[in-house]
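Written out below as structure tokens is the structure these notes cover.
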Amino acid sequence: MEADHMDIDAPDHDDPSLPFARSYQLEALQVAIRQNTISYLETGSGKTLVAIMLLRYYAPFLRKPSPFIAVFLVPQVVLVRQQAEAVKSHSDLKVGTYWGEMGVDFWDAATWKEEIDKHEVLVMTPQILLNCLRHSFFKLEFIKVLIFDECHHTGGKHPYACIMTEFYHKLACKNCDLPRIFGMTASLIKSKCGTSESEYWEKIKKLETIMHSKVYTCVSESAISKYVPISTPKFRFYEALDVPGDLVARLRFGLNNLKTKHENLLTKMDLTTTSLESTRKKLTRTCEALLYCLDNLGLMLASKAAKFLSSCDSDGMLSDKLDVFGERVVKKFSTDASMVFQSCISTEWTLGGDARAHVKSGFLTSKVAYLIQCLLDYRNFKDIRCIVFVERVITAIVLQSLLSEILPEHVSWKTMYIAGNNSGLQTQTRKTQNEIVEEFREGMVNIIVATSILEEGLDVQSCNLVIRFDPSATVSSFIQSRGRARMENSDYVLMLRSGDISEQCRLEKYLSSGEIMRSESLRHASNPCPPLGSEFYDEEIYRVESTGAVVTSTSSICLIHFYCSRLPSDGYFKPAPHFVIDKETSRCTLYLPKSCPLPPVSVEGDIKSLKQKACLQACIMLHKIGSLTDNLVPDTVAEKLDDRGLCEECYDDEFPVYFPPEAVRSHESCSQPGSEKYYCYLIKLCPQYESRTAVQDIVLVMCSELETEIVNSNFNLEDVRGSLKATLSYMGFLDLTPMLDVPDHCF
């Protein structure tokens, strides 16, 4: 493959290599300098160091005031800071970090230009770059190096694939300047492995085609194994004992009755059609999650799940942001479900004692009991660092709770959990997750129960035990989770149900998949990348000629939802699009909230793409009437950003005190004759999102005293960027004469 850059006028390059780089890393660097490359190397082999040396090579192009930048993409927010710190440690490049919770959805072209003017390397999640390219906030031509961490995600409608198909390949057809592409992965295949070498190659070839890159890998695993310890896989078989059928039947009946009861309650509430539908779906998902816990984890953990869902903050529990009434119904269902589970558990029952008796009674499943035994088998290991991988967020939460109760009776281990937010259970902030990882590195936390969020890229070299509680669904999941165990003589424990031959065969194929991917890549190394198939160019696109901003039929749905989210709303009403689809006539009508000036949009066509077609048509109409700007962002966002102080200035955390505490009285005896009493309450606000704009507390002044149950309460307020946790507390009272009386509308 020919190099994509015309480097004839390039400045002189200093030696980009680092003195401690290994031979295969230097070889990978030379290949990456010559052509677009996918670096396929084992976890822990130092792929990131190759990327950093490539950035060092391109540094002369990036030095400010150059308009060019490098972009380092990572699939998980938890990896943004880790990779940024790595670049800073091994180069003098100016690095910026970006992820969604920073509020980047509200930034305009001017804000991004300031970031580009300040930084030479931008580390971010891929959706941010894709959005910036679609809104034409900056151009792909000004990116000199584009790095894809964990590039096996490049497929389907993943942002990695969209960046390449919507922008890179279209520029390649026009012979424009293109960035150097460098991908990194420990697995070239994300899906389930094929049954033959040719199937493996077809999947690898598809990745090479979309990324317009060739795979680089070592000739043999032995070239790396002397540098990188590889964990020993161990199959552990547990006896499958089902929860007693009569217990399951009784609890299923009770939960389904509860679900029906709360669904009937919804019909009596004044909810919009969209809210009603969303709440019903959430009720169904919550009920299914509890039944999953009952079947797979046992009665005790199902009860823990119900308690968690009934007690956690509503906005933290429901990622789909139901309105207040919908949230209450779902939480009430979880509370009632918890009581159903508790009714089957004796008040005298404890977790201690005979584990087999707990399994026989259905309180724990044999799978959970075996996990506990697996962990205790390592009780004599010094400085244990274990990650237990599970499939579901709720599993991580309740297993951590159980292990925290049981293990301290035997060993002084601390257990925590880390889980992603895609399931609807937004249980942790990024700060909390980073703190847990740091405590794990330092040995203060011994066990992390984690979902796939920790499979990729987490640099914890002290991890010496990985247990797959739930089996890996894909090749990449298997390889990535195995790679978390980085210590010498570490173990990779695969829990399997006794007699499950098909699952064992599948995992054994995963064990051999790495060598097959290596040999197939080497065998086809001299083959050029084939052109992108025509199916990638068929998607309908609307382009604004003045800016170059685009919206596709796929991205139009997200844009319509984003537009609706910027319309006036509060905690009781969440504006959202509503679709009515007539399958008989293949017709879709899109209804936008009443605050939107657009009438209903009706389209006809293929039933599978009706929503996309309606949303794209709505986007075009919204742009033509000015509700979407020429960058195809909601005009409401542009108005907010017109006030440059709101998005640029980093406010000091210290505020002037406009209402000093000493201004209020706390004793009746201090009241002045002829004055009127006003009660003062402090509403303390804590944003549940990261922002450069600080938030100030509110003082509520009332002529009547609030009821006792309201004072000292917690609730959530909605901001355009997310939720603010509000805490109400009594401060005291004010004596105001009629002359000083303040009209209540001032507060």
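All the letters of the sequence shown, read from the start, carry residue numbers 1 to 747 under our numbering. Glycine included, each C-beta is placed from N, C-alpha and C at the ideal position.
What did DSSP end up calling residue i once you bin it into helix, strand or coil?
| i | result |
| --- | --- |
| T232 | strand |
| Y238 | strand |
| S314 | Any reading at S314 must be qualified, since the residue scores a pLDDT of 44, below 50, and its modelled position is unreliable; the value itself is stated next. Of the three classes helix, strand and coil, the one that applies to S314 here is helix, per DSSP. |
| D735 | strand |
| E604 | strand |
| S346 | coil |
| T415 | strand |
| I557 | helix |
| V368 | helix |
| K47 | helix |
| Y730 | strand |
| S17 | coil |
| D643 | With a pLDDT of 47 at D643, under the threshold of 50, the modelled position of this residue cannot be trusted; read the value that follows with caution. Here D643 sits in coil by DSSP. |
| V95 | strand |
| Y651 | Confidence is the limiting factor: at Y651 the pLDDT is only 36, short of 50, which leaves the residue's position unreliable and the question unanswerable from this model. |
| A137 | Checking the sequence shown, residue 137 turns out to be Phe, not Ala. DSSP places F137 in coil when its eight states are reduced to three. |
| F363 | coil |
Taking Cβ positions, are residue i and residue j nearer each other than 9 Å?
| i | j | result |
| --- | --- | --- |
| L399 | F469 | yes |
| G443 | R484 | no |
| N712 | S729 | yes |
| F137 | A109 | yes |
| S39 | A21 | no |
| H152 | L129 | no |
| E150 | A59 | no |
| L241 | V359 | yes |
| L465 | V437 | no |
| S609 | R587 | no |
| A86 | I147 | no |
Start and end of the beta strand (DSSP E) containing residue i?
| i | result |
| --- | --- |
| D149 | I143 to D149 |
| F579 | H578 to D582 |
| F182 | R180 to T185 |
| C686 | E676 to P687 |
| R587 | R587 to Y591 |
| M702 | I698 to M702 |
| M102 | Premise fails: M102 is in no beta strand (DSSP E) and is neither H nor E. |
| V390 | No beta strand (DSSP E) contains V390, which DSSP labels as neither H nor E. |
| R497 | D491 to R497 |
State buried or exposed for residue i, treating a residue as buried only when at least 16 other CB atoms are found within 10 Å of its CB.
| i | result |
| --- | --- |
| H561 | exposed |
| A396 | buried |
| D653 | Low confidence applies here, because D653 scores a pLDDT of 41, under 50, leaving its location unreliable and the question unanswered by this model. |
| V104 | buried |
| I181 | buried |
| L700 | exposed |
| A249 | exposed |
| P19 | exposed |
| V219 | exposed |
| M339 | exposed |
| F781 | This structure gives no information on residue 781, because the portion of the chain shown stretches from 1 to 747. |
| K131 | It should be pointed out that residue 131 corresponds to Asn in this sequence rather than to Lys. Buried, because 16 or more other Cβ atoms sit within 10 Å of the Cβ of N131. |
| D14 | exposed |
| V449 | buried |
| M184 | buried |
| G420 | buried |
| P575 | buried |
| H135 | buried |
| R543 | exposed |
| P75 | buried |
| F733 | buried |
Using DSSP bridges, identify the partner residues of residue i.
| i | result |
| --- | --- |
| F440 | Looking at the DSSP assignment, F440 forms no beta bridge with any residue, so it has no partner. |
| D383 | None; D383 has no bridge partner. |
| F469 | None, per the DSSP bridge assignment. |
| N716 | K725 |
| P634 | L628 |
| A70 | V121 and V145 |
| T552 | I541 |
| I447 | C386 and T415 |
| S39 | M184 and Y216 |
| F333 | Bridge partners of F333: none, in fact. |
Looking at the secondary structure, which residues open and close the alpha helix (DSSP H) in which residue i lies?
| i | result |
| --- | --- |
| V711 | Looking at the DSSP string, V711 is not in any alpha helix (DSSP H), and its letter there is neither H nor E. |
| P126 | P126 to R134 |
| E520 | I501 to R523 |
| A32 | S23 to R34 |
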